[in-house]
Amino acid sequence: MKASLFIPFLSTLSYVAAHGYVQKVTIDGTVYTGPAVASGSTDGITREISTQDPIKGATNSDLTCGPGALAASKVANANPGSSISFLWTGASGSAWPHNVGPMMTYLTNCGDQSCADYNPKGTEWFKIEEAGKTDGTWAQAALMNGAAAQVTLPSNLAAGSYIIRHEIIALHNAQAEGGAEFYASCTQLKVGGSGTGTPSSSDLVQLPGAYKDTDPGILIDVYSDSQNDSYTFPGPAVVDLGGGSGTSSSKGICRLKKHTSTNDTATLTKRKTVVRHISRILRGLDFSFHRH
């Protein structure tokens with residue numbers, strides 16, 4: 006490869022290395038702008054993080070709410086069944102740079118205190134949603150095209166103060182142990198309504214603590230045809246609070262189908278044009294320089 010052709014790839018690699026964070030959270034149509042990374046601002050409902058770089062290692066303490074997460078000063082009102090979206094962006098507001106791997110959502114109850122005063126380290130979480138791959142396309146791929154991740158609170162969720170934690174696991178380098186990239190974001194809620202659903206003790210996990218770097222959904226070559234028939238989500242199953250809850254797959258396994266449909270929504274049609282992750286492309290290139 007000529008040296009001049011290498012320059013665009015260096016630029017692209019710098020872009021990918023920037024990674025990202027949650028820029029906005031929308032709850033039932035109300036938009037809440039999150040703090041910029043390392044801004045020193047706690048004004049808002051989303052906890053500020055100190056870097057947009059990925060969390061590496063399934064036992065990393067930053068897995069709770071993101072690197073150096075600081076409590077936000079406010080909470081947002083929500084209700085059972087509320088629609089919540091998370092807009093993940095790259096550095097400086099650029100597009101989210103990854104397109105392979107699951108997205109999962111957890112809740113923890115802050116007890117009798119406001120979540121603005123709650124330290125979630127060591128607390129117990131329950132999973133309300135997981136999104137994997139449908140018709141050959143990872144749900145995460147839509148984020149690369151500017152879409153927000155959509156989550157619905159369980160329709161029977163008991164009233165109370167909750168932190169909602171949205172998580173992305175990027176799997177483009179997950180074929181080696183420790184290669185998976187974790188991204189976590191925490192937003193503070195006050196849930197009203199008359200729901201009565203609470204998780205059982207078997208639904209509760211700690212974060213970190215719920216995953217291992219050798220879990221089949223974390224140590225995986227997502228580009229291998231032999232591993233493209235199913236995906237096993239890490240962590241617990243999606244909770245059943247009665248009255249309906251988040252999106253789940255039976256026993257945490259997402260069955261993957263070959264893409265054959267021609268009746269996709271506009272969003273999915275747009276997703277199909279997304280190229281494979283840059284690291285996958287680079288693995289297939291010969292960067293040797295020829296002498297003349």
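In terms of my numbering, the sequence shown opens at residue 6 and continues consecutively. Note that the Cβ used here is the ideal one computed from N, Cα and C, for glycine as well.
Assigned secondary structure, residue 24 (DSSP; H/G/I helix, E/B strand, else coil): The residue labelled residue 24 in the question sits at position 19 within the sequence shown. Note: residue 24 maps to coil in three-state DSSP.
DSSP state of residue 191 mapped onto helix, strand, coil: Residue numbering aside, residue 191 sits at position 186 when the sequence shown is read from its first letter. Residue 191 falls in the strand class under three-state DSSP.
Proximity of residue 45 and residue 29 at Cβ, strictly below 8 Å: In the sequence shown, the residue the question calls residue 45 occupies position 40. In the sequence shown, the residue the question calls residue 29 occupies position 24. No; because the gap between Cβ atoms is not below 8 Å, this pair is not in contact.
Beta carbon proximity, residue 214 to chain C, threshold 8 Å: No chain C appears in the structure shown, which is made up of a single protein chain.
Collapsed DSSP secondary structure at residue 88 in the structure displayed: Counted from its first residue, the sequence shown places residue 88 at position 83. Strand, per DSSP.
Contact the stretch 156-170 vs the stretch 65-85: 3+ CB pairs below 8 Å: yes
Residue 64 beta carbon less than 8 Å from that of residue 213: Within the sequence shown, numbered from 1, the residue matching residue 213 stands at position 208. Within the sequence shown, numbered from 1, the residue matching residue 64 stands at position 59. The answer is yes: Cβ separation under 8 Å.
Host beta strand (DSSP E) of residue 112 (start-end): Here residue 112 corresponds to residue number 107 of the sequence shown, with the count starting at 1. Taken as a continuous stretch (DSSP letters only), the beta strand (DSSP E) holding residue 112 covers 108-114.
Residues near residue 195 in its chain [Cβ-Cβ closer than 6 Å; skip 5 each side]: As a first step, residue 195 must be located in the sequence shown, where it is residue number 190. Excluding residues within five positions, the ones whose Cβ falls inside 6 Å are 80, 82 and 166.
Environment of residue 57 [buried if 16+ CB atoms lie within 10 Å]: Taking the sequence shown and counting its residues from 1, one reaches residue 57 at position 52. Per the 10 Å Cβ criterion, buried.
Exposure label - residue 193; buried when at least 16 CB within 10 Å: Here residue 193 corresponds to residue number 188 of the sequence shown, with the count starting at 1. So residue 193 ends up on the buried side.
Alpha-carbon spacing of residue 115 relative to residue 75, whole angstroms: By 1-based counting over the sequence shown, the position of residue 115 is 110. By 1-based counting over the sequence shown, the position of residue 75 is 70. About 15 Å.
Short Cβ contact (8 Å threshold) for residue 59 with residue 187: Against the sequence shown, residue 59 aligns to sequence position 54. Against the sequence shown, residue 187 aligns to sequence position 182. Yes.
Residues bridged to residue 62 (per DSSP): By 1-based counting over the sequence shown, the position of residue 62 is 57. Answer is none; residue 62 lacks a bridge partner.
Three-state secondary structure assigned by DSSP to residue 68: Here the question's residue 68 lines up with position 63 in the sequence shown. If DSSP states are grouped into helix, strand and coil, residue 68 belongs with the helices.
Span separating the alpha-carbon of residue 32 from that of residue 168: Here residue 32 is taken as the residue at index 27 of the sequence shown, counted from 1. Here residue 168 is taken as the residue at index 163 of the sequence shown, counted from 1. When rounded, the distance between both Cα atoms is 14 Å.
For residue 96, the three-state DSSP class (helix, strand or coil): Position 91 of the sequence shown, counted from the first residue, corresponds to residue 96. Helix, per DSSP.
Residues near residue 55 in its chain [Cβ-Cβ closer than 6 Å; skip 5 each side]: The residue you call residue 55 lines up with position 50 of the sequence shown. Correct list, in chain order: 43, 72 and 73.
Three-state class that DSSP yields for residue 75 in the structure shown: On the sequence shown, position 70 is the one that residue 75 refers to. Note: residue 75 maps to strand in three-state DSSP.
Endpoints, beta strand (DSSP E) assigned at residue 146: Numbered from 1 along the sequence shown, position 141 holds the residue referred to as residue 146. Note, residue 146: premise wrong, no beta strand (DSSP E); alpha helix (DSSP H) at 146-149.
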